[in-house]
Amino acid sequence: MKIREITVVSGKGGTGKTSITAALAASAPGGLALCDADVDAPDLEILLHPEPREEHAFIGMDTAGVDSQRCIGCGRCRDVCRFDAIRMEGGKARVDKTFCEGCAACTLVCPVGCIAMEETRQGTWFVGETGFGPMVHARLNPGGENSGMLVQLVRKEARRVAESRGLGTILTDGPPGIACPAISAVTGADTALIITEPTISGEHDLLRVAELCRRFGTKAAVVLNKADLSAQGAERIKEACRKEGLPLLASIPFIPGVVHAVSQARIPLAELEEFLGPTWDRLKGL
Amino acid sequence: MAERPLTVAVASGKGGTGKSCVAASLLVTVPGLLGADVDVEEPNLALLLGAEAISSSLVEIPWPVIDDALCDRCGECVKNCRFGALLMFGGGAPVPNDLCHGCGVCSMVCPRKAITEVGRPVGEVRLCRRGDLRLYEGRLHVGMPNPVPVIDAALRAALAEGRDLVIDSPPGTSCPMVSAVREADVVVLVTEPTPFGYADLDLALQVIRELGKPAMAVVNRCDLGDADIEGLTERYGVPVAARLPFSRAVAESYAAGNPPAATDALWRDAMVTLWERAKEMAGR
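Structure representation (structure tokens):
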């Protein structure tokens, strides 16, 4: 069976990505698996309340570790590191794991061989059960590295779960931005659903994330949220969608009830209901 | 005696809480500040300020070039590259791909010194201006995976001016956010009282505590939601410096590209307070 993955992204944060993903999950026409790939700020669980089933450590790239007993403080590792991840403290090298990319250049130059690459836990990933289907989600350790790798991992696991249960759709809540986590989230997805808002920043960020999707060969479609906050802004988004050939699947006004629902950790299903059916229909028609 | 310049980073765990609104409002309210937009994936600060780019410089990372005549296909570079960024096809010399991080390991290990490096553009730093207001904007090229070199370049350019500086940071809590705030004297965390805002602020506070930075919080749209932000920040010993209610007028003027403080007195007053408290926290 062909599984279809829809990844919800936004470029700009705070456009309503997670609220809309949750409402789409709750109104899906067929069975689906869920995936929260915003591993930096994983909020989908707040609305979907998955019951925990599995918990696993996320081991990212190996990172450098210094045996400070043997370190002679020569600083060659610091000089060769292009990621500014090594500082000399008290005459010893210290690796800042947030910035270590795991290239191992430092291990190659250490004259006493006191730096080794070591397995590094960068976060945790989970499989849970929601009322709408299984959900794979994760949490990168705060200040962590390799979020793109973790995004790939949760997507792969969501696909595995969908396959084993015979579910035809994966709905993925993606990260904001356009760099490695966003690239990892849209690459290979069938559709990128871009949530935007009628602001000049919303428009600017929409165009950048749409270009990213084009480059990585992922078909994109748009939902305009909080559409009535600016009539002029909404017009500009519609014009941009026409020019870029991006299907505009729905225009949702600013609904205070959505914020109230989210505040109670509740899916804004009733509040968004009239927009969800048509969005799913148009998604299927793409 | 001239005081040391003050650097304030405006950050948030969650995107869309009003980070750029606070940064832009500080810049239009407090005279003499310089700006740095290091949300290089989606830079919006110049847009909000109506500032035009007056100059631009490329940001490059090192990119390996393999001399086909010198290379004897030993495969040492391919074996040592931990990113899978060098691949050999047929009988040809290895070819680099987009996974390259520019770490330099391949040229270090090549026994025949067949690998040199050239600069590969990954983004740009623009100097933008509107009247007396100036800011450096980092802008990642679409398709490039690593924002950190562009963040660093924009910060270096801004810090080199030696002026009071406001940094608009990227959202999240991973390496881009840490790169943006690690040079700051004080961090301002912008949040909203929803469960999302609360959860993401908790993660951001953990990072800030780890970095040992003095911080304060701004609760934006403080009337839209009732999550106990004060209770959370108190646990980290971080004060709430301002609470700003939702205003449709502010949202509409933001949509049109005006920072809230340009149209709203409440925001202006809050920005004055914010800057004063940042100075106190940094001991200026």
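Top line first, the protein sequences correspond to chains Z and Y. The opening position of the first sequence corresponds to residue 257 in my numbering, with each subsequent residue numbered one higher. The opening position of the second sequence corresponds to residue 97 in my numbering, with each subsequent residue numbered one higher. All C-beta atoms in this analysis are idealised placements derived from N, C-alpha and C, irrespective of residue type, glycine included.
Check, Outcome
"Start-to-end residues for the alpha helix (DSSP H) that takes in Met377/Y", "361-377"
"Residues of the region 330-361 of chain Z whose Cβ lies closer than 8 Å to any Cβ of chain Y, in chain order", "Val336, Arg338, Phe339, Asp340, Thr354, Phe355, Glu357, Gly358, Cys359, Ala360, Ala361"
"Beta-carbon proximity list for Leu183/Y, same chain, < 8 Å, skipping 5 on both sides", "Val174, Pro190, Val191, Asn193"
"DSSP three-state assignment for Ser121/Y, whether helix, strand or coil", "helix"
"Simplified DSSP state of Glu445/Z, which is helix, strand or coil", "For the record, residue 445/Z in the displayed sequence is Ala; it is not Glu. Reduced to three states, the DSSP call for Ala445/Z is coil."
"The region 437-455 of chain Z contacting the region 472-482 of chain Z, beta-carbon criterion three pairs below 8 Å", "yes"
"CA-to-CA distance, Cys333/Z to Lys499/Z, given in whole angstroms", "50 Å"
"Pick from Pro160/Y, Val124/Y, Cys196/Y, Leu231/Y that is closest to Ser152/Y, judged by C-alpha positions", "Leu231/Y"
"Three-state class that DSSP yields for Met273/Y in the structure shown", "helix"
"Backbone secondary structure at Ile371/Z - three-state DSSP", "strand"
"Touching by the beta-carbon criterion (3+ pairs, under 8 Å), the region 121-135 of chain Y and the region 304-317 of chain Y", "no"
"Ser420/Z to Cys196/Y span [Cα, whole Å]", "35 Å"
"Stretch-stretch touch, CB-based, cutoff 8 Å, three pairs: the region 373-388 of chain Z with the region 303-322 of chain Z", "yes"
"Opposing strand residues paired with Val44/Y [DSSP bridges]", "Beyond the ends of chain Y as shown, which are 97 and 380, falls residue 44/Y; an answer cannot be given."
"Neighbour list for Asp267/Y in chain Z, Cβ cutoff strictly below 8 Å", "Strictly speaking, residue 267/Y in this sequence is Pro, with Asp absent from that position. Under the 8 Å cutoff, chain Z gives Gly269, Asp296, Ala297, Pro432, Gly433."
"Minimum Cβ-Cβ distance from Glu500/Z to chain Y less than 9 Å", "no"
"Cβ-Cβ separation, Arg343/Z to Gly200/Y (assumed contact under 8 Å), whole Å", "19 Å between Cβ atoms; not a contact."
"Chain-ordered chain Y contacts of Gln488/Z [CB-CB under 9 Å]", "Ala351, Ala352"
"9 Å Cβ cutoff, Asp248/Y in contact with chain Z", "yes"
"Beta-ladder partner(s) of Asp133/Y, from DSSP", "Glu233/Y, Asp264/Y"
"For Leu427/Z, the residue or residues it bridges with in DSSP", "Ile262/Z, Leu290/Z"
"Contact with chain Z by Gly111/Y, beta-carbon distance below 9 Å", "yes"
"Separation of Asp340/Z from Ile211/Y, as counted between CA atoms", "23 Å"
"Paired residues, beta bridge with Trp159/Y - DSSP", "Val214/Y"
"Three or more C-beta pairs below 8 Å linking the region 276-285 of chain Z and the region 412-430 of chain Z", "yes"
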